Structures are given as C-alpha cells and as structure tokens.
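Residue numbers (our numbering): 352 to 531.
Cβ coordinates follow ideal geometry from the N, Cα and C atoms, glycine included.
None of the values given here were measured: they were computed from a predicted structure.
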C-alpha cells in the first residue's frame with residue numbers, strides 16, 4: 352500500500368514467494384519530518400510486539416532511498432511511529448516521530464553496517480527500541496524512542512521509499528511476535 356504522496360506513474364509493489372518479500376519502493380520520504388511517501392507491506396497488531404526481518408539486499412540509486420521496518424500508530428501520512436531504516440550506503444538509522452506530522456529525529460545510527468543486515472524493533476507501550484545485527488545473533492541497540500500511543504493497536508511492517516529513482520528491497524525471515 353502506498354503511504355502518503357507517491358508518484359502515480361510508478362506505484363510501488365510487493366511480492367512474496369518462498370519466504371522472501373521483494374518490495375519496490377516509491378515516494379521520497381519515510382523517515383523525515385512532515386509528509387510521507389513510501390510503499391508499505393504491513394499488518395495491524397495489538398499490544399507489545401517484536402518485529403524482526405533480515406534485509407537481504409537493497410538496490411537504490413538516490414541518497415533519499417530507504418528500506419526497513421516501520422511501527423506506526425496509524426498507516427496515515429505523517430503518523431507518529433518508529434522507523435528502522437537502511438540507506439543505499441548501508442547506514443542504519445533508528446528514528447522516532449513523536450507526534451502527527453512532526454519531525455523524525457535520529458534516535459540512534461550506525462554507519463557502514465551494510466545492506467545485508469538483520470533489523471528488529473521491540474515496542475512496549477509508548478516506547479520502542481531499534482536493533483540491528485550483521486549476523487542475526489549479536490544485536491546492537493540504536494536507542495529507545497517514545498511516542499504517545501492512544502490505543503494498543505499499531506501497524507508493523509516493511510517500508511521502502513525510492514527518492515527519485517528505483518529502489519528494491521529483498522527481505523526474508525520476517526517475524527511478528529508478542530514482546531516478552
């Protein structure tokens with residue numbers, strides 16, 4: 352599903368086969384302030400949750416392109432939430448948007464991690480922590496961000512934004528489970 356403003360000429364799309372998602376991104380923004388524009392594969396969940404995925408590859412041509420996990424209070428444009436994203440250089444950022452249409456400041460980041468990386472967001476109430484692992488075993492925290500969530504329902508999933516060019520993410524081992 353498209354979230355926010357995206358080009359009608361190049362709609363994002365996603366496919367799933369043999370345990371692997373292939374997500375083609377659209378739009379110019381999924382982790383900056385104000386308007387969103389990205390393709391999302393998501394599900395509604397209730398309560399505290401752990402969402403985890405192995406970003407197996409990410410091909411993009413612009414610096415604005417991102418791929419990763421999103422946990423949002425709503426699927427609407429500008430919704431409060433968290434984003435754990437990888438850019439085309441392989442930098443990983445965990446960002447928190449604490450209010451509708453607000454800024455999306457960096458909670459934590461790691462440069463040069465790579466585009467073959469495991470991502471995890473653990474949401475407990477109004478708090479979420481972003482993690483990454485290069486081997487799927489040794490997790491590194493990028494910090495915890497807080498938003499005001501007015502219900503137990505949140506939307507969790509994959510997001511890809513392309514900037515002004517094509518962007519494709521290959522994602523496997525996606526899990527969504529109750530947080531311990």
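Taken through DSSP and simplified to helix, strand or coil, residue 515 comes out as coil. For residue 451, no beta strand (DSSP E) encloses it, and the DSSP letter there is neither H nor E. Of 471, 500, 501, 475, the smallest CA-CA separation from residue 488 is found for 471.
Each of 396, 438, 427 was checked against the Cα of residue 413, and the nearest Cα belongs to 438. The stretch 486 to 506 makes contact with the stretch 440 to 450; the number of CB pairs closer than 8 Å reaches 3 or more. Runs of the alpha helix (DSSP H) lying entirely within the stretch 387 to 441 and spanning at least 4 residues: none are present. Nearest in C-alpha terms to residue 435, of all of 519, 521, 528, 509, is 509. Scanning its chain for C-beta atoms nearer than 7 Å, with the 5 sequence neighbours on each side dropped, one finds around residue 370 the residues 523, in chain order. For the 8 Å CB-CB criterion, residue 493 and residue 459 form a contact. At a Cβ-Cβ threshold of 8 Å, residue 401 and residue 528 count as neighbours.
Proximity to residue 406 across 482, 514, 516 peaks at 482, based on C-alpha coordinates. Here DSSP, grouped into helix, strand and coil, assigns residue 465 to coil. Taking each of 432, 456, 468, 517 in turn and checking the Cα distance to residue 477, the smallest one comes out for 432. Residue 429 and residue 374 have their C-alpha atoms roughly 21 Å apart. Under DSSP, the beta-bridge partners assigned to residue 478 are 475, 497. Taking 8 Å as the cut-off, the beta carbon of residue 506 is found no closer than this to the beta carbon of residue 466.
Taking a 10 Å sphere around the C-beta of residue 397, we find fewer than 16 other C-beta atoms and assign the residue as exposed.
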